[in-house]
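In the numbering used here, the protein residues as written are 114 to 463.
If you want it as structure tokens, here you go:
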């Protein structure tokens, strides 16, 4: 694709997303988050996916029907998430169903199974994001329930050898157990040969991540003194990692990184939650492993592809959901840890 055609496609997609916001109609859904399986081989304190046995996962034939439904919606990128996508034995067969229909695939993964699957991952995915929540094996096990930091590092190293040009980045969720790792995580990501790292606070409120109930705040939330300590670490990182912000190695801008401290101060009752600007329900959908369709990671399901065609869910249920949505006041949106706002400089489907 030439740069000119790339620009025309990007402008056209962004314009259709904006038109959809104004009219509450869906002209294009360029991004779909898809969970191939609900199974997971970690035991994170903020997540319940590990409790699932995967028995309700969509079959390959059901996944094929989903893949058929996406091109008419203008879907350009499908992000495999979950659960651990690589835990599903036929995940690469599923991946090919989307790729043969012209869609680009990204992979969100713990990285624990990356070493054994690196060759197939390099073949099917154009971007990989691994979870990196600690820089020592002991803390990694404390946070994620398994001693697998070295395994993750080996997996990334093998993927790098096989596909040196494949973008591989890290995502770190900071909370009570690991927030002091912030500066060290930047350096560890560099030492692993990653292309960048992003940071999120821990979601405390939604039914995402396969949860049966919201996690106990005492395990994740920072108290007032800890929130202040996090803010100091953020300011240190901003002061000492200027090149990493300028290059994009740290995905957040300094202003966005400061939202980490504000979020935890809000949880501690000393500040308001950071303001949210988000158009995720106008540019994306989440299809979970059992076929449930969410308008974003954190809102409840609005339908299921086992009960109704995806197009009908988009034209009916999604439109009804968006009609009453005000991100500034909605209790889910106003406490969101991972909002998306598309712009010419931020095109999530590229």
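Cβ coordinates follow ideal geometry from the N, Cα and C atoms, glycine included.
DSSP has residue 244 in a bridge; who is on the other side?
Answer is 284.
Per DSSP, what are the beta-bridge partners of residue 156 in this structure?
Answer by DSSP bridge pairing: none, since residue 156 is not bridged.
Can you tell me whether residue 274 is buried or exposed, with buried defined as 16 or more other CB within 10 angstroms of its CB?
Exposed is the call here.
Could you check whether residue 408 and residue 434 sit closer than 8 Å to each other, using their CB atoms as the reference points?
Less than 8 Å separates the beta-carbon of residue 434 from that of residue 408.
Could you tell me the alpha carbon to alpha carbon distance between residue 147 and residue 172, rounded to whole angstroms?
Distance between the alpha carbons of residue 147 and residue 172: 13 Å.
In the DSSP output, which residue or residues are listed as bridge partners for residue 407?
399, per the DSSP bridge assignment.
Three-state secondary structure assigned by DSSP to residue 426:
DSSP places residue 426 in the helix class (H, G or I) of the three-state scheme.
Contained alpha helix (DSSP H) runs [length at least 4] in the region 255-284, N- to C-terminal order
List check, alpha helix (DSSP H) in window: 262-275.
Inter-residue Cα distance where the pair is residue 117 and residue 358
Confidence is the limiting factor: at residue 117 the pLDDT is only 43, short of 50, which leaves the residue's position unreliable, though a coordinate-based value still follows. Straight-line Cα distance between these residues: approximately 28 Å.
For the region 301-335, which segments carrying the alpha helix (DSSP H) assignment without a break, of at least 4 residues, lie completely within its bounds, in sequence order?
The region 301-335 contains, as complete alpha helix (DSSP H) runs of 4+ residues, the segments 330-333 (chain order).
For residue 301, is the classification buried or exposed, using 16 other Cβ atoms within 10 angstroms of its Cβ as the cut-off for buried?
Per the 10 Å Cβ criterion, buried.
For residue 246 and residue 285, which I take to be in contact (beta-carbon distance under 8 Å), what is that distance rounded to the nearest angstrom?
The C-beta distance from residue 246 to residue 285 rounds to 5 Å, short enough to meet the 8 Å contact threshold.
N- and C-terminal bounds of the alpha helix (DSSP H) containing residue 210:
Segment 204-212, the alpha helix (DSSP H) holding residue 210.
For residue 388, three-class secondary structure by DSSP:
DSSP, reduced to helix, strand and coil, places residue 388 outside both helices and strands of the structure shown, so it counts as coil.
Suppose the cutoff is 7 Å on Cβ atoms and the five residues either side in sequence are ignored; what does the same chain contact list for residue 115 look like?
Bear in mind that a pLDDT of 46 at residue 115, under 50, signals an unreliable position, so the model cannot answer this.
In chain order, what residues of the same chain have a beta carbon less than 6 Å from the beta carbon of residue 276, not counting five sequence neighbours either side?
Taking residue 276 as the centre and dropping the five residues before and after it, the same chain places the C-beta of 235 closer than 6 Å to its C-beta, in chain order.
Applying the 10 Å Cβ sphere with the 16-neighbour rule, what's the burial state of residue 378?
Buried is the call here.
Is DSSP giving residue 382 helix, strand or coil here?
Three-state DSSP puts residue 382 in coil, outside helix and strand.
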